[in-house]
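Read the structure below first, then the notes.
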Amino acid sequence: MSLRTITVTRYILPLREGGSLPALAEGDDDFKYVLKFRGAGHGVKMLIGELIGGEIARKLGLHTPELVFAYLDEAFGQSEADEEIQDLLKFSQGLNLAMHYLSGAITFDPVVSEIDAKLASQIVWLDAFLTNVDRTFRNTNMLIWHKELWLIDHGASLYFHHSFTDPEGHAKSPFAMVKDHVLLRKATELQTVDAEFKKILTDEVLSGIVNLIPDDWLHWEESELLPDEIRAVYLTFLKVRRDNSNIFIKQADDARAAL
1 MSLRTITVTR YILPLREGGS LPALAEGDDD FKYVLKFRGA GHGVKMLIGE LIGGEIARKL
61 GLHTPELVFA YLDEAFGQSE ADEEIQDLLK FSQGLNLAMH YLSGAITFDP VVSEIDAKLA
121 SQIVWLDAFL TNVDRTFRNT NMLIWHKELW LIDHGASLYF HHSFTDPEGH AKSPFAMVKD
181 HVLLRKATEL QTVDAEFKKI LTDEVLSGIV NLIPDDWLHW EESELLPDEI RAVYLTFLKV
241 RRDNSNIFIK QADDARAAL
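If you read the sequence shown in full-length UniProt numbering, its first letter stands for residue 1, the second for the next number, and so on.
Pasting the structure below:
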C-alpha cells in the first residue's frame, strides 16, 4: 500500500473554509488538488487524521478523492502578497497532503439529496469509528460529483491524538458527538454495516494504512516516542475501537432514537 507523491508547482487560490486554510493548487502531474498544509491549525496531526480517515473510507468502498503526498519546495510562495498565506507556505515546507480536486462538484444538501439507509449507516459507522466530529448539518464535508456522494475532509478525526494518552481507553469510549451527524436519522442499518466493515478492516489492513504515515510527520516536540512507537499507538487505537464497535453503535442508535 502506498500513495503517490507530487511536487506542488502552482498555488492557485486559498479555500477559506475552516481553520486550516486549504488551497487549490496544481501539481507537477498537471492535476489540480486541494492542498492541506502541515503549517496550519493542528499541523501534522490534522494531516494524519486526513490520511488515516480517507484511506479507511476508501478501503470500505466509500467514494473519497485520491490522496497524495504533496511536496512544497522552500522557494515556493515567496512571491505571495498575502502575509498570512506566505507564513503558511513558509511553515509548510516539505511533505504535505493533498486530495484530487473534484471539478464541478456541489456541496451535499440533505434537504435536496436523498441517500439510502445503507449508505447513511456506512458513513455514520465510519465517522463514529474515526471519532470524526466534522460531518454535521453546519458542515457536511460531502460532495455530489457525477451524481455520486463523495466524502472529503477527515482532518478532524482521531481527536484522541491531541492528548495522545490512554489510546485503549479512548478507543472504548462512546462517541457522543454522533448526535449531531447529518445522516444519523437515516442510519438504521448500523448492525449490518458493522459486521461487514469489521471483516474488511483486518489487522493487516489497518497496519498497512497506519504505516503510510511518513516519519517526517512523527517527530513531535511534545512526545519522546519514536515514529514506529507513535504508529503503534495509532494501530492500537484502531484495533481496539474496531473490536469494541458495539459501544459506539449503541451510542449512535440511542442518539437516533432520541431525535
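Yeah, the Cβ is synthetic: ideal placement off N, Cα and C, and Gly gets one too. What you are looking at is a predicted structure, and each value in this text was computed from that prediction instead of being measured.
Taking 8 angstroms as the cut-off, the beta carbon of lysine 59 is found no closer than this to the beta carbon of leucine 47. Across the structure, phenylalanine 137 and arginine 185 are spaced so that their CA atoms are roughly 12 angstroms apart. With contacts defined as CB atoms closer than 8 angstroms, valine 193 and serine 121 qualify as a contacting pair. Using a 10 angstroms sphere on the CB of glycine 54, the tally of other CB atoms reaches 16 or more, which defines it as buried. Three or more beta-carbon pairs separated by less than 8 angstroms link the segment 236 to 246 to the segment 168 to 179, which places the two stretches in contact. Contact check for glycine 49 and leucine 158: beta-carbon distance about 5 angstroms, within the 8 angstroms limit, so the pair qualifies. Between histidine 181 and aspartate 127, the gap from beta carbon to beta carbon is short of 8 angstroms.
For phenylalanine 137, there is no enclosing beta strand (DSSP E), as DSSP gives it neither H nor E.
With respect to leucine 97, leucine 21 sits apart: the two C-beta atoms are not nearer than 8 angstroms.
Residue range 67 to 72 is occupied by the beta strand (DSSP E) that includes tyrosine 71.
Taking C-alpha positions only, tryptophan 220 is separated from lysine 45 by approximately 10 angstroms.
Threonine 7 has its alpha-carbon roughly 40 angstroms from the corresponding atom of alanine 117.
A straight line joining the alpha-carbon of proline 227 with that of tryptophan 217 spans about 8 angstroms. When the beta-carbon positions are compared, arginine 242 and lysine 198 come within less than 8 angstroms of each other.
Nearest Cα to valine 34 within the set Ala70, Leu212, Ala258: Ala70.
Between threonine 131 and phenylalanine 175, the gap from beta carbon to beta carbon is short of 8 angstroms. Contact annotation: methionine 99 and glutamate 66 have beta-carbon atoms nearer than 8 angstroms. A residue is called buried once 16 or more other Cβ atoms fall within 10 Å of its Cβ, and arginine 135 is buried on that count.
Residue environment analysis places threonine 140 among the buried positions, since at least 16 neighbouring C-beta atoms fall within 10 angstroms of its C-beta. Out of Ser173, Ala156, Leu24, Glu83, the CA that lies nearest to the CA of leucine 102 is found in Leu24. An exposed status is given to alanine 195, since fewer than 16 other beta-carbon atoms sit within 10 Å of its beta-carbon.
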